[in-house]
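*Asks:* I'd like to ask some things about the structure below.
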Amino acid sequence: MRSFEELVAEAEAADTTGWRFEWLAGRATEERPPWGYSRLLAARLGEVTSALDIDTGGGEVLAEVPTFPPTMVATESWPPNAERARALLGPRGVRVVETDDGAPLPFPDGTFELVTARHPVRPDWREIRRVLVPGGHYVAQHVGPGSAFELIERFVGPLPGGVRSRDPRLEVAEAEAAGLEVVALERAVCRMAFHDVGAVVWILRKCVWWVPDFSVSRDERTLRGLDAQMRAGRPLVAHSTRHLVVARRPSRRAAPGGLMNEEDPPIPALA
Numbered sequence: 002m003r004s005f006e007e008l009v010a011e012a013e014a015a016d017t018t019g020w021r022f023e024w025l026a027g028r029a030t031e032e033r034p035p036w037g038y039s040r041l042l043a044a045r046l047g048e049v050t051s052a053l054d055i056d057t058g059g060g061e062v063l064a065e066v067p068t069f070p071p072t073m074v075a076t077e078s079w080p081p082n083a084e085r086a087r088a089l090l091g092p093r094g095v096r097v098v099e100t101d102d103g104a105p106l107p108f109p110d111g112t113f114e115l116v117t118a119r120h121p122v123r124p125d126w127r128e129i130r131r132v133l134v135p136g137g138h139y140v141a142q143h144v145g146p147g148s149a150f151e152l153i154e155r156f157v158g159p160l161p162g163g164v165r166s167r168d169p170r171l172e173v174a175e176a177e178a179a180g181l182e183v184v185a186l187e188r189a190v191c192r193m194a195f196h197d198v199g200a201v202v203w204i205l206r207k208c209v210w211w212v213p214d215f216s217v218s219r220d221e222r223t224l225r226g227l228d229a230q231m232r233a234g235r236p237l238v239a240h241s242t243r244h245l246v247v248a249r250r251p252s253r254r255a256a257p258g259g260l261m262n263e264e265d266p267p268i269p270a271l272a
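With the first letter of the sequence shown counted as 1, position 240 gets the number 241 in my numbering; the numbers rise by one all the way through.
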């Protein structure tokens with residue numbers, strides 16, 4: 002294995018824009034959730050005529066889809082990623098809209114049959130419901146509570162239980178309070194393993210919210226400890242948590258006596 006200094010210098014110089022992780026090949030591994038989000042995304046997009054992908058990053062996940070619906074839009078709030086997504090998706094007819102964190106989605110009510118997201122920052126359930134057509138669906142893979150905490154806590158120390166946000170039960174409650182019907186929820190815990198210190202430096206540069214104000218100089222002692230552990234043949238093992246959420250904006254019609262009945266049947270259970 003190369004020296005600590007060489008591994009760190011390489012990781013500090015490497016590009017971290019976009020949402021691809023090929024740089025970690027041979028350095029780190031992560032299991033994938035069993036539902037196969039990319040395949041699910043492709044299948045869903047093939048069933049609609051209009052769709053919105055939220056927090057698309059550099060557009061890399063969306064770009065794996067072979068065929069887009071006639072109206073395909075993606076949003077991204079970080080300018081370097083938005084520029085990358087335009088270059089990647091624009092030639093395929095996808096409109097990439099740069100948005101502001103926390104701002105309403107810049108689309109009229111009932112614009113899209115499908116809204117998707119892979120690891121959205123903070124799902125705005127009321128906005129998601131608003132831009133969906135009645136009967137439209139939200140299909141997304143979310144980051145779960147305590148994800149990668151075995152790595153994060155090596156740098157910041159034990160985190161209190163209250164920090165472990167992104168609880169899928171709370172998200173379901175929030176979605177339902179916003180007027181959505183959650184029709185499927187699946188959860189997974191996936192093993193991660195980091196085999197050299199450069200992989201740790203790179204992932205902390207990319208996922209800047211994991212360890213705020215991370216720097217090699219400030220965190221050198223922790224990094225050297227991890228480097229010694231890995232050189233002894235013991236990778237840093239952590240676990241990512243993920244959950245798949247499928248929700249629907251109810252489509253209702255007036256029934257005799259003024260009651261409201263569901264117009265659309267439930268979607269089939271996920272395989």
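Think of the CB as a built atom: it goes at the ideal place given N, C-alpha and C, for glycine as much as any other residue.
Just so it is clear, the structure is predicted and the values come from calculations on it, not from any experiment.
Which value, in whole angstroms, describes the spacing of the CA atoms of S241 and S148?
*Replies:* Locating residue 241 in the sequence shown gives position 240, where the first residue counts as 1. Locating residue 148 in the sequence shown gives position 147, where the first residue counts as 1. Each residue's alpha carbon lies about 4 Å from the other.
*Asks:* Could you give the residue range of the beta strand (DSSP E) that holds S241?
*Replies:* As a first step, residue 241 is located in the sequence shown; it is residue number 240 there, counting from the start. 237-249 is the extent of the beta strand (DSSP E) around S241.
*Asks:* At what residue ranges does the stretch 37-122 contain a whole run of the alpha helix (DSSP H), taking only runs of 4 or more?
*Replies:* If we require 4 residues or more, the alpha helix (DSSP H) runs fully inside the stretch 37-122 come out as 38-46, 61-64, 80-90.
*Asks:* Take S166 as the anchor and find which of P135, W211, S252 has the nearest alpha-carbon.
*Replies:* In the sequence shown, residue 166 corresponds to position 165, counting from 1. Nearest C-alpha to S166: W211.
*Asks:* When you compare only the Cα positions, how much space is there between L152 and S252?
*Replies:* For the purposes of this step, residue 152 is identified with residue 151 of the sequence shown, where counting begins at 1. For the purposes of this step, residue 252 is identified with residue 251 of the sequence shown, where counting begins at 1. Taking the straight line from one Cα to the other gives about 44 Å.
*Asks:* Quick check on R192: does DSSP put it in helix, strand or coil?
*Replies:* Sequence index remark: in the sequence shown, residue 192 carries index 191 (1-based). Correct three-state label for R192: strand.
*Asks:* Should W36 and L245 be called a contact, given that it needs their Cβ atoms to be closer than 8 Å?
*Replies:* Against the sequence shown, residue 36 aligns to sequence position 35. Against the sequence shown, residue 245 aligns to sequence position 244. Yes.
*Asks:* On a Cα-Cα basis, can you pick out the residue from R127, S216, A141 that is closest to E175?
*Replies:* As a first step, residue 175 must be located in the sequence shown, where it is residue number 174. Minimum Cα distance to E175 is reached at R127.
*Asks:* Per the DSSP calculation, T30 is bridged to which residue(s)?
*Replies:* For the purposes of this step, residue 30 is taken as residue 29 along the sequence shown, with counting starting at 1. Paired residues: A194.
*Asks:* Report all residues from its chain with a CB closer than 8 Å to the CB of V9; omit the five preceding and five following residues, and keep chain order.
*Replies:* Position 8 of the sequence shown holds residue 9. Answer for V9: V198, G199, V202, V217, L224, listed in chain order.
*Asks:* Taking the beta carbon of V209 as the centre, do at least 16 other beta carbons fall within 10 Å, making it buried, or is it exposed?
*Replies:* For the purposes of this step, residue 209 is taken as the residue at position 208 of the sequence shown. Exposed, since its Cβ has fewer than 16 Cβ neighbours within 10 Å.
*Asks:* To the nearest angstrom, how far is it from the Cα of T50 to the Cα of D101?
*Replies:* Counted from its first residue, the sequence shown places residue 50 at position 49. Counted from its first residue, the sequence shown places residue 101 at position 100. Going by the C-alpha atoms only, they are around 26 Å apart.
*Asks:* Out of R249, F22, M231, which has the shortest C-alpha to C-alpha gap to R3?
*Replies:* Taking the first residue of the sequence shown as position 1, residue 3 is located at position 2. When each option's Cα is compared against that of R3, the closest is M231.
*Asks:* Just checking, does the stretch 110-124 make contact with the stretch 90-98 on the three C-beta pairs under 8 Å criterion?
*Replies:* The answer is no - the stretch 90-98 does not touch the stretch 110-124, with fewer than three Cβ pairs under 8 Å.
*Asks:* Using the Cα positions of E99 and A233, report the straight-line distance between them to the nearest angstrom.
*Replies:* The count along the sequence shown starts at 1 and reaches residue 99 at position 98. The count along the sequence shown starts at 1 and reaches residue 233 at position 232. Straight-line Cα distance between these residues: approximately 45 Å.
*Asks:* Give me the Cα-Cα distance between G47 and A248, rounded to the nearest whole angstrom.
*Replies:* As a working mapping, residue 47 is identified with position 46 in the sequence shown. As a working mapping, residue 248 is identified with position 247 in the sequence shown. The straight-line gap from Cα to Cα measures roughly 18 Å.
*Asks:* Mind reading off the beta-carbon distance from P81 to T18? Whole number of angstroms is fine, and I expect it under 8 Å.
*Replies:* Residue mapping note: residue 81 aligns to position 80 of the sequence shown, counting from 1. Residue mapping note: residue 18 aligns to position 17 of the sequence shown, counting from 1. Going by Cβ atoms, the distance from P81 to T18 rounds to 5 Å, so yes, they are a contact pair.
*Asks:* Pull up the CB-CB distance for I55 and P107, whole angstroms please, since I reckon it's below 8 Å.
*Replies:* Looking up residue 55 in the sequence shown gives position 54. Looking up residue 107 in the sequence shown gives position 106. Not quite, the Cβ-Cβ distance comes to about 12 Å (not below 8 Å), so this is no contact.
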